[in-house]
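*Asks:* Structure in structure tokens, see below.
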Amino acid sequence: MKTITILIPAYNEEEVLPALKEALNTVTNELSQYRFEFLFVNDGSSDRTAQLLTEYSMEDERVKYVELSRNFGKEIAMLAGFDYAIGDAVIIMDADLQHPPEMIQEFVYWWEQGYEDVFTIRKEKAEKNPFKRWASSAYYAILQRLSSYEVHQGAGDFRLLDRKCVEALKDLRENERNTKGMYAYIGFRKKALEYKESERAAGATKWKLSALIKLAIDGITSYSTIPLRMWSVIGLVISFFSFIFLLIEMIKVLIFGSSVAGYPTLIAAIVFLGGIQLVSLGAIGEYLARVFTETKNRPAYFVRKTSNEEDRSESKERDQKDERKNP
Ligand code: UDP
Ligand code: MG
Numbered sequence: 129m130k131t132i133t134i135l136i137p138a139y140n141e142e143e144v145l146p147a148l149k150e151a152l153n154t155v156t157n158e159l160s161q162y163r164f165e166f167l168f169v170n171d172g173s174s175d176r177t178a179q180l181l182t183e184y185s186m187e188d189e190r191v192k193y194v195e196l197s198r199n200f201g202k203e204i205a206m207l208a209g210f211d212y213a214i215g216d217a218v219i220i221m222d223a224d225l226q227h228p229p230e231m232i233q234e235f236v237y238w239w240e241q242g243y244e245d246v247f248t249i250r251k252e253k254a255e256k257n258p259f260k261r262w263a264s265s266a267y268y269a270i271l272q273r274l275s276s277y278e279v280h281q282g283a284g285d286f287r288l289l290d291r292k293c294v295e296a297l298k299d300l301r302e303n304e305r306n307t308k309g310m311y312a313y314i315g316f317r318k319k320a321l322e323y324k325e326s327e328r329a330a331g332a333t334k335w336k337l338s339a340l341i342k343l344a345i346d347g348i349t350s351y352s353t354i355p356l357r358m359w360s361v362i363g364l365v366i367s368f369f370s371f372i373f374l375l376i377e378m379i380k381v382l383i384f385g386s387s388v389a390g391y392p393t394l395i396a397a398i399v400f401l402g403g404i405q406l407v408s409l410g411a412i413g414e415y416l417a418r419v420f421t422e423t424k425n426r427p428a429y430f431v432r433k434t435s436n437e438e439d440r441s442e443s444k445e446r447d448q449k450d451e452r453k454n455p
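Final position of the sequence shown in our numbering is 455; the numbers increase by one with none missing.
This is the structure in structure tokens:
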């Protein structure tokens, strides 16, 4: 019997958890030929999410949870989920029921046909803010231009991953994660499905605009070095034209004599170049910041507790044995 893990990162989701549990129950009852694990990663919630998860895990042995020591963000929460998931396949789902659980059956169907990464493309987002909508499509367009492998517009985290994909993602240990780019990077046999996103069942979105912008920058800088390299070309072009400009000005001075005119062009040139320099410095800073955080080589997250207390004592024993072996 194959096991399927449903991985749900949850940050302050007390309002939607009861409905989610119901929905998962209904869908998985129809897939009786599989064993299910509902793995919740509690991403440092400050509401009653932790209590609810403890309750659920006592009522239902399929419910497992991993509680992180603080809020690490959805990307890291998913990594923790990959680390703890035991399934032969892992389905990632948001807690807020924006991802229709009925799709699970379709995921499993295509997985059985041999696809290793069954992902979904949002047909039409229930996103009301036109700026957010525009930013999202512009972002995918840029990401696609900059990366050397296919990135699917609107393809999100709502997907089924075969164990092989999960192991690959676990090997990509960077802390500044953009998992959307990673799915494309790891490859494997992919199958695209479409779905219509529903409104959040309850509660408010957990993404702040600043977090979205950071995710967008992470996405580009972790998969492309073009922002780092394009400045040398732009710099060369600008220097070339300014040299021509200088020659013209010199000839003018020789013919007409010098004058104090030209302040506007002078100031314009200085400001323009200053701007370019700042932006390029910023680009270098972006990469340097990443090098900095990655070379520290810190664990991506810390765990307060898990539903599997057995697991923990087991790993403690293992640690002690290791210590005995090489003190
Ligand atoms: N989430 C998380 N940590 C965070 C922010 C969000 O684990 O710091 C989870 C959240 O509980 C939800 C999923 O990520 O299950 C998607 O978040 P949300 O619905 O708020 O984002 P949106 O759908 O608006 O993009
Ligand atoms: Mg949502």
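All residues carry an ideal CB built from backbone N, CA and C; glycine is no exception.
Tell me whether Y267 sits in a helix, a strand or coil according to DSSP, three-state version.
*Replies:* helix
*Asks:* Please look up how many angstroms separate the CB atoms of V191 and F210, rounded, as I've assumed it's under 8 Å.
*Replies:* Taking 8 Å as the upper bound for CB-CB distance, V191 and F210 are not in contact here, some 18 Å apart.
*Asks:* Go ahead and pull the three-state DSSP assignment for D222.
*Replies:* coil
*Asks:* DSSP three-state call for E165: helix, strand or coil?
*Replies:* strand
*Asks:* Could you pull the start and end residues of the beta strand (DSSP E) that Y323 belongs to?
*Replies:* Per DSSP, the unbroken beta strand (DSSP E) holding Y323 starts and ends at K318 to Y323.
*Asks:* Taking 8 Å as the threshold, find out whether the region 169-187 comes into contact with the region 312-328 through three or more Cβ pairs.
*Replies:* no
*Asks:* Under 7 Å between the Cβ atoms of I204 and Y429?
*Replies:* Cβ atoms of I204 and Y429: closer than 7 Å.
*Asks:* Could you give the DSSP three-state label for G284: helix, strand or coil?
*Replies:* In the three-state reduction of the DSSP assignment, G284 falls in the strand class.
*Asks:* Note down, in chain order, each residue of its chain lying with its Cβ closer than 7 Å to the Cβ of T296, except the 5 sequence neighbours on either side.
*Replies:* First, the amino acid is wrong: residue 296 is Ala here, not Thr. Sequence-distant Cβ neighbours of A296 in its own chain, meaning closer than 7 Å and more than five residues away, are I314.
*Asks:* Report yes if the C-beta of D245 is less than 6 Å from at least one heavy atom of the ligand MG; otherwise report no.
*Replies:* no
*Asks:* Considering Cα atoms alone, identify which of A411, Y139, N306 and N157 is closest to S360.
*Replies:* A411
*Asks:* Given this structure, state the Cα-to-Cα distance separating S270 from L409, to the nearest angstrom.
*Replies:* Checking the displayed sequence, the identity of residue 270 turns out to be Ile instead of Ser. Approximately 21 Å between the Cα atoms of the pair.
*Asks:* With a Cβ-Cβ cutoff of 7 Å, do S350 and S275 count as a contact?
*Replies:* no
*Asks:* When you compare the CB positions of R291 and D216, do they come within less than 7 Å of one another, or not?
*Replies:* D216 sits close to R291, with the two beta carbons spaced by under 7 Å.
*Asks:* In chain order, what residues place their C-beta within less than 7 Å of a heavy atom belonging to the ligand MG?
*Replies:* D222, D224, Q226, R328 and T333
*Asks:* Using a Cβ-Cβ cutoff of less than 7 Å, which residues in the same chain neighbour E304 once the five nearest sequence positions on both sides are dropped?
*Replies:* Non-local beta-carbon contacts of E304 in its own chain, meaning distances under 7 Å to residues more than five positions away in sequence, involve D346, S350, R418 and T421 in chain order.
*Asks:* Confirm the yes/no value for this check: CB of G242, any heavy atom of the ligand UDP, distance under 6 Å.
*Replies:* Because no heavy atom of the ligand UDP lies under 6 Å away, the Cβ of G242 does not count as near it: no.
*Asks:* With respect to 6 Å, is the separation between the Cβ of A138 and the closest non-hydrogen atom of the ligand UDP below this value?
*Replies:* yes
*Asks:* Taking DSSP's pairing of strands, which residues face P137 in a bridge?
*Replies:* V169, per the DSSP bridge assignment.
*Asks:* If you drop the 5 nearest sequence neighbours on each side, which residues of the same chain put their C-beta closer than 8 Å to that of T248?
*Replies:* H227, M231, A283, G284, F286, R287, A320, L321, E322 and Y323
*Asks:* Could you check whether K202 and R258 sit closer than 7 Å to each other, using their CB atoms as the reference points?
*Replies:* As written in the sequence, residue 258 is Pro, which differs from the Arg given in the question. No, Cβ-Cβ distance for P258 and K202 is not below 7 Å.
*Asks:* Please state the DSSP three-state secondary structure of Y193.
*Replies:* strand
*Asks:* Just to confirm my understanding: we take Y415, look at its own chain, exclude 5 residues before and 5 after, and list those with CB closer than 7 Å. What are they?
*Replies:* The answer, listed in chain order, is T349 and L356.
*Asks:* Assign N306 to one of two classes, buried (16 or more other C-beta atoms within 10 Å of its C-beta) or exposed (fewer than that).
*Replies:* Residue environment for N306: buried (at least 16 other C-beta atoms within 10 angstroms of its C-beta).
*Asks:* Taking 6 Å as the line, does the beta carbon of W359 fall inside it for any heavy atom of the ligand UDP?
*Replies:* no
*Asks:* Looking at the ligand UDP, does it come within less than 6 Å of A269, judged from the CB to the closest heavy atom?
*Replies:* no
*Asks:* Please classify N157 as buried or exposed, where buried requires at least 16 other C-beta atoms within 10 Å of its C-beta.
*Replies:* exposed
*Asks:* Look at the Cβ atom of R163, then the Cβ atom of M129, and state whether they are nearer than 7 Å.
*Replies:* Yes, these two residues count as a Cβ contact at 7 Å.
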